[in-house]
Structure formats: C-alpha cells, structure tokens
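Trainee: Below is a structure I'd like to ask you about.
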Amino acid sequence: MVRPAPTVVFTPPPTPNGALHVGHVGGPYLRADLYVRLVRLLEDREIRHVSHVDTYQSYVAKKAVEVGAEPDALSREYTGRIRADFDAYALSHDAFGDNRDPEYLRFLREGVQALTDVVTVVEREVPRCEGCGRTQLEAYARSACTGCLHDAYLNVCENCSLPQQVDDALGLLCTQCRTAAGGTTTARFLSFDAGAVAAVEDTMRHRHGASRRASALFDRLGPHLALWQFESPYGIAVDDSGLVLNPWVEIFFHHTWCLLQECGVDTRLPFSEAVAELNRRDPDVIYFFGVDNTYYYAFLFTALAQALVIRPMVPSRVKINHFMHLRGAKISSSRGNVVWADELVGTAPVEVLRTRLARSCPEYAPRELADDGPPLSPAPPVGVPPAGEGPRELDVVRARLADLAAIDAFSVERLVDVLDKGRERARAVGGGDADAIDDYLAHVCRELQLA
1 MVRPAPTVVF
11 TPPPTPNGAL
21 HVGHVGGPYL
31 RADLYVRLVR
41 LLEDREIRHV
51 SHVDTYQSYV
61 AKKAVEVGAE
71 PDALSREYTG
81 RIRADFDAYA
91 LSHDAFGDNR
101 DPEYLRFLRE
111 GVQALTDVVT
121 VVEREVPRCE
131 GCGRTQLEAY
141 ARSACTGCLH
151 DAYLNVCENC
161 SLPQQVDDAL
171 GLLCTQCRTA
181 AGGTTTARFL
191 SFDAGAVAAV
201 EDTMRHRHGA
211 SRRASALFDR
221 LGPHLALWQF
231 ESPYGIAVDD
241 SGLVLNPWVE
251 IFFHHTWCLL
261 QECGVDTRLP
271 FSEAVAELNR
281 RDPDVIYFFG
291 VDNTYYYAFL
301 FTALAQALVI
311 RPMVPSRVKI
321 NHFMHLRGAK
331 ISSSRGNVVW
341 ADELVGTAPV
351 EVLRTRLARS
361 CPEYAPRELA
371 DDGPPLSPAP
381 PVGVPPAGEG
391 PRELDVVRAR
401 LADLAAIDAF
411 SVERLVDVLD
421 KGRERARAVG
431 GGDADAIDDY
441 LAHVCRELQL
451 A
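For the sequence shown, position 314 matches number 314 in full-length UniProt numbering, and the numbering has no gaps at all.
This is how it looks when you write it as structure tokens:
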C-alpha cells in the first residue's frame, strides 16, 4: 500500500568547516523546527524535517589548509560537533542524510548523467593560482561583487545573491596566498539563457513570500553561467574527467535522494524510474534557508528540477531569513564577530535559549541577538482592562496559532507574539479564564520547546 505523501521541510546542510554559531541556530534551523512542531501540534498531517551535512564544500579544504588538517578528518570532526549543536538546542530532524552512502553516490552519478543530457554545459578557461595549486573558484578565490561591490567568494554574493561570473571578477585574489592568479585551467559551467531564467522566475514569483532578496535577485538576474565541474583537491567526482562537482549541484541531488526515502520510493531503482515514482507520489516540499543561499534554493534548484522534470523538487514555498547581528554587524566566524552555539549551552535551560533565539530571529531584516535577560514583562494596562469573555479568548489564541500552521502565514515573530499577548491577556483578566489560557499556552510551549 502506498502511504500518503508527506510535507517535507528541507534546511540547508551546514558546512563541516566549523561548528554552528547562534546565527545559524536562530535562522533556518530554529524556524523550520518550530514550524514542524507547530503543524504536528495542530494538524493531522505528516510533516518531516530533513537535512544533512555539506560534506563536499571547498570551504572544508580551505579550512583544512588553515589549521593543518586533512579535509576528510576535519569534515568528520565538525560533522560530529554540528550534530551535537543540533541536539543541544533540541533541533530535531526526522531524517539526516548521509551523502557518503555508496548507494546514494550511484544515484548521484546517474542523476548527473541524466542532467547533462538536458542542460547546456560549456567549458571555459579560468584563473589558477600556480603557487597554491588552486583553481580560482568557490572558496579558493575572492573578489568584489560586480553587482554590489561586497567582498565575495567566487560562487554567490552573500550580500545581493547574484552568482559571480569569473570573467567579470573585480580584484580577484587567491584566498590562501592573497595574490592574483598567474595561471589558467579549465572548468565546466551550466549555461542559463534568458528563457531559462524567465521560466524559473515565472515559477517562483509567488512562492517566496514577497521576499525582497528573492525579488531583487530575479529583477537583476540575466543569462549567466553557474559552476558545474572544476579542478579541486577536495570534493566529489562523478566521472573520469578529473574534475569535482559543484557542491550545490550535489546538494540538490541529495535533497532529492532524501525526498525519495521520505516518500517510500525504492532508491535502488534506476534514476529515471525513481523520479517517475516520486512524481506520482507528489509530496509537498518547503525550503527554509538564509538570504546567502537564495540563488541556490530559489533559482538553481528549481532550474535543475525543471530540467529533469522532478516536479516535487520545485518547492511550494521558500522561507528566507536575513542575518542575525551582534554589535550591529553580521554574526560571522570569519569576521571574528561570533557567539558559538555551544557557548550558551548550559547557561540556561534549552527552552530559554530557544526562546532567546526566537526573539532574535531575523525573518524580514537583519536583527540583533537579543540580550539574555528574562522575558520582558507585559506593559501595565492603560486604564481598565477589558472584561474577560471566558472561552472566547482562548479561542482567539487557538485561531491565531492555527493560522500560523499555514506556511504562507508562518512567522516566528508572530508565533512569539501570540504567546506574549496570550499571557498578557491572562494576567489582565485573571480567574478561571486566565488559568485556561495559561494552561493551553504552557502545553504549546512544551511541544515547541519554548519558555
């Protein structure tokens, strides 16, 4: 018997070149966790939270050089620390993928071959640092973004989300030796023409919740190249070219692999048959991610899904958050402006830590990390509080929470507001009405792991 298709919530795989900081935790991971918990509390439908670790990123190799470690050993060490950080903040996953699994790697190779049959791949000459032996792409090179002049790695600008085009790079420098490249090599790119860009924009126009970042990306995105394969000492090779795959293409295929598993599709099937069965199951996919990943989740993954006709991998909605700030600047380990997630563990109960980060969640704009004081007391009422209306007030609380179980309406800010206003109202009216509201809110907070 085929089971009903679930709603599957994907969050980005953390890169194992470091542990998680509070900006990571309080961004897509806490948002997705709270949404999944809320839906389970209020609705009778299957919903799953799925992620994995971004094993093959060039940032792992970059970090390994900096600390004198082997990339694979570094990746495994930080994978363990990332999983521990998730556990410490009660960030639950219903499935956590393994992109080293030999069966998955077979699926990946078949998927890549299928993709090359339906996309345009071009080869280009690109800079190479001969001294460091690094192709000047991804984490191995930085330049000024030609779209906004922000300091950017040679992949996607975190400030405006535009993909960086190597031919247009401004002031390109090797991230290891800080000098300009003196040599060249070749790399392969996916070529997206105006029609392909327009097709994705048309699909995603009403699926990103009026995100200003996504809207701005599609307003400015034209024909461009996206990295396909390049020369690197670290990464995942899928053919005999000697080149490794763009790690974000690998992430797309691993999300697809996990989706097959969550829908009960036999992953031993050949790629085309597995995709056909997934299309028949027709699950609902939602992505939660940060603004720096907007190009990948809003454009690239949709473009790949459309090319391969994997209909469920075109998300029904994407939920995009901005960066959390500390002392007025983005929380960033590379900039030395950071609070590591494990630094706060043990300083307060997990419910209190999650609530602090929920109050700091940068859903619509950058937001400062909230202080670690107790929750704000409600302001004293002005004049005489309205009289209690018995169960009607509890009904209002229930109705507001039910509204938030719809993905378009879901917001951590609104969720916290429901809890705050419900408590304020309970204090104002007192008596049995207050007890009913407080008891219900306590039940909700237990389920959501909030204080």
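Backbone N, C-alpha and C fix where the C-beta goes; we use that ideal spot for every residue, glycine too.
If you follow the alpha helix (DSSP H) that T203 is in, where does it begin and where does it stop?
Mentor: Your numbering for residue 203 matches position 203 in the sequence shown. Run containing T203: A194 to M204, per the alpha helix (DSSP H) assignment.
Trainee: Unbroken beta strand (DSSP E) runs of length 3 or more, entirely within the region 137-186: which are they?
Mentor: Runs of the beta strand (DSSP E) inside the region 137-186: 138-144, 151-154 and 170-174.
Trainee: In terms of residues, what are the limits of the alpha helix (DSSP H) holding E447?
Mentor: The residue given as residue 447 occupies position 447 in the sequence shown. Its alpha helix (DSSP H) spans residues G431 to L448.
Trainee: In chain order, which continuous runs of the beta strand (DSSP E) of length 3 or greater are located wholly inside the region 288-370?
Mentor: Fully enclosed beta strand (DSSP E) runs of 3 or longer: 317-321 and 324-326.
Trainee: Since T15 contacts A32 with CB under 8 Å, what's their CB separation in whole angstroms?
Mentor: For the purposes of this step, residue 15 is taken as residue 15 along the sequence shown, with counting starting at 1. For the purposes of this step, residue 32 is taken as residue 32 along the sequence shown, with counting starting at 1. So it is not a contact: roughly 18 Å between Cβ atoms.
Trainee: Compare the beta carbon distance of W248 and L300 with 8 Å and say whether it is the shorter of the two.
Mentor: For this step, residue 248 is matched to residue 248 along the sequence shown. For this step, residue 300 is matched to residue 300 along the sequence shown. Taking 8 Å as the Cβ cut-off, W248 and L300 qualify as a contacting pair.
Trainee: Applying the criterion that 16 or more other CB atoms from any shown protein chain within 10 Å of the CB defines a buried residue, is T135 buried or exposed?
Mentor: Translated into positions along the sequence shown, residue 135 becomes position 135. When all chains shown are included, T135 counts as buried.
Trainee: With R45 as the anchor, note down where its beta strand (DSSP E) starts and where it stops.
Mentor: Locating residue 45 in the sequence shown gives position 45, counting from the first residue. Looking at the DSSP string, R45 is not in any beta strand (DSSP E), and its letter there is neither H nor E.
Trainee: In chain order, what residues of the same chain have a beta carbon less than 6 Å from the beta carbon of Q57, not counting five sequence neighbours either side?
Mentor: Position 57 of the sequence shown holds residue 57. For Q57, where only same-chain residues beyond five positions count, the Cβ hits under 6 Å are T15 and P247.
Trainee: Going by beta-carbon coordinates alone, are S191 and I320 separated by less than 8 Å?
Mentor: Translated into the one-based positions of the sequence shown, residue 191 becomes position 191. Translated into the one-based positions of the sequence shown, residue 320 becomes position 320. Cβ distance not < 8 Å, so S191 and I320 don't count as in contact.
Trainee: So what does E123 bridge to, in DSSP terms?
Mentor: Indexing the sequence shown from 1 puts residue 123 at position 123. In the DSSP output, where bridge partners are listed per residue, E123 has R188.
Trainee: Are the CB atoms of D72 and I251 nearer to each other than 8 Å?
Mentor: The count along the sequence shown starts at 1 and reaches residue 72 at position 72. The count along the sequence shown starts at 1 and reaches residue 251 at position 251. No. Outside cutoff.
Trainee: Just to confirm, are Y297 and V318 a CB contact at a threshold of 8 Å?
Mentor: Position 297 of the sequence shown holds residue 297. Position 318 of the sequence shown holds residue 318. Yes, the Cβ-Cβ distance between Y297 and V318 is below 8 Å.
Trainee: For L91 and V39, I'd like the C-alpha separation in whole angstroms.
Mentor: As a position in the sequence shown, residue 91 is number 91, starting the count at 1. As a position in the sequence shown, residue 39 is number 39, starting the count at 1. Distance between the alpha carbons of L91 and V39: 15 Å.
Trainee: Would you report the Cα separation of A5 and D435, rounded to the nearest angstrom?
Mentor: Here the question's residue 5 lines up with position 5 in the sequence shown. Here the question's residue 435 lines up with position 435 in the sequence shown. Answer to the nearest angstrom: the Cα atoms are 39 Å apart.
Trainee: At the level of alpha carbons, what is the spacing between P381 and D433?
Mentor: Residue numbering aside, residue 381 sits at position 381 when the sequence shown is read from its first letter. Residue numbering aside, residue 433 sits at position 433 when the sequence shown is read from its first letter. Caution applies to P381, whose pLDDT of 45 falls short of 50 and renders its modelled position unreliable; the model cannot decide the point.
Trainee: What span of residues does the alpha helix (DSSP H) with V397 cover, start to end?
Mentor: Translated into the one-based positions of the sequence shown, residue 397 becomes position 397. It spans P391 to L404 - the alpha helix (DSSP H) in which V397 sits, taken as one unbroken run.
Trainee: Between the alpha carbons of R128 and T186, how many angstroms are there, rounded?
Mentor: Sequence index remark: in the sequence shown, residue 128 carries index 128 (1-based). Sequence index remark: in the sequence shown, residue 186 carries index 186 (1-based). Cα to Cα, the separation comes out at about 9 Å.
Trainee: A139: which of A214, A199 and P233 sits nearest, CA to CA?
Mentor: Against the sequence shown, residue 139 aligns to sequence position 139. Checked all of A214, A199 and P233; the closest Cα to A139 is P233.
Trainee: What residue range is occupied by the uninterrupted beta strand (DSSP E) comprising A105?
Mentor: Residue numbering aside, residue 105 sits at position 105 when the sequence shown is read from its first letter. Correcting the residue type first, residue 105 is Leu in the shown sequence and not Ala. No beta strand (DSSP E) holds L105; the alpha helix (DSSP H) holding it covers P102 to T116.
Trainee: Given Y35, which residues of its chain have a CB within under 6 Å of its CB, disregarding the five upstream and five downstream residues?
Mentor: The residue you call residue 35 lines up with position 35 of the sequence shown. Around Y35: F410.
Trainee: Which one of D87, A399, G111 and D372 has the shortest CA to CA distance from L441?
Mentor: Position 441 of the sequence shown, counted from the start, is the residue given in the question as residue 441. Considering only alpha carbons, the answer is A399.
Trainee: According to DSSP, what are the bridge partners of Q229?
Mentor: Position 229 of the sequence shown, counting from 1, holds the residue named residue 229. Answer is R188 and L245.
Trainee: By how many angstroms is the C-alpha of A88 removed from the C-alpha of T7?
Mentor: Position 7 of the sequence shown, counted from the first residue, corresponds to residue 7. Position 88 of the sequence shown, counted from the first residue, corresponds to residue 88. The alpha-carbon atoms of T7 and A88 are separated by roughly 25 Å.
Trainee: Near L304, what residues of its chain come up, given a Cβ to Cβ distance below 6 Å and the 5 sequence neighbours on each side ignored?
Mentor: Against the sequence shown, residue 304 aligns to sequence position 304. Result list for L304: F252, in chain order.
Trainee: Could you please give me the residues that DSSP links to T7 through a beta bridge?
Mentor: The count along the sequence shown starts at 1 and reaches residue 7 at position 7. I47 and D284.
Trainee: What would DSSP say about A276, mapped onto helix, strand or coil?
Mentor: The residue given as residue 276 occupies position 276 in the sequence shown. It is helical.
Trainee: Does C258 come out as helix, strand or coil in the three-state DSSP assignment?
Mentor: Within the sequence shown, numbered from 1, the residue matching residue 258 stands at position 258. It is helical.
Trainee: Short of 7 Å in beta carbon distance, which residues of its chain neighbour G147, apart from the five on each side in sequence? Order them along the chain.
Mentor: By one-based count along the sequence shown, residue 147 stands at place 147. Same-chain partners within the cutoff: C157, C160, L162 and R220.
Trainee: Is the Cβ-Cβ distance between L137 and L227 less than 8 Å?
Mentor: Here residue 137 corresponds to residue number 137 of the sequence shown, with the count starting at 1. Here residue 227 corresponds to residue number 227 of the sequence shown, with the count starting at 1. The answer is yes: Cβ separation under 8 Å.
Trainee: Mind checking V384: buried by the 16 CB within 10 Å criterion, or exposed?
Mentor: The residue you call residue 384 lines up with position 384 of the sequence shown. In this predicted model, V384 has a pLDDT of only 46, less than 50, meaning its place in the structure is not dependable enough to derive any value.
Trainee: Confirm, please, whether the CB-CB distance from Q176 to V65 is below 8 Å.
Mentor: For the purposes of this step, residue 65 is identified with residue 65 of the sequence shown, where counting begins at 1. For the purposes of this step, residue 176 is identified with residue 176 of the sequence shown, where counting begins at 1. The answer is yes: Cβ separation under 8 Å.
Trainee: Using a 10 Å radius around the Cβ and a threshold of 16 neighbouring Cβ atoms, would you call R178 buried or exposed?
Mentor: Position 178 of the sequence shown, counted from the start, is the residue given in the question as residue 178. The residue in question, R178, is exposed, as its Cβ has fewer than 16 Cβ neighbours within 10 Å.
Trainee: Who are the near neighbours of R81 in its chain, counting only those whose CB is closer than 7 Å to its CB and skipping five residues on each side?
Mentor: Here residue 81 refers to the residue found at position 81 when the sequence shown is read from its first residue. Only A19 meet the Cβ criterion.
Trainee: Note down the Cα distance separating E363 from E130, rounded to an integer number of angstroms.
Mentor: For the purposes of this step, residue 363 is identified with residue 363 of the sequence shown, where counting begins at 1. For the purposes of this step, residue 130 is identified with residue 130 of the sequence shown, where counting begins at 1. E363 and E130: Cα-Cα distance of roughly 43 Å.
Trainee: Spatial neighbours of D403 within its chain, please: CB distance less than 6 Å, with the 5 preceding and 5 following residues excluded, ordered by chain position.
Mentor: For this step, residue 403 is matched to residue 403 along the sequence shown. Only A409 meet the Cβ criterion.
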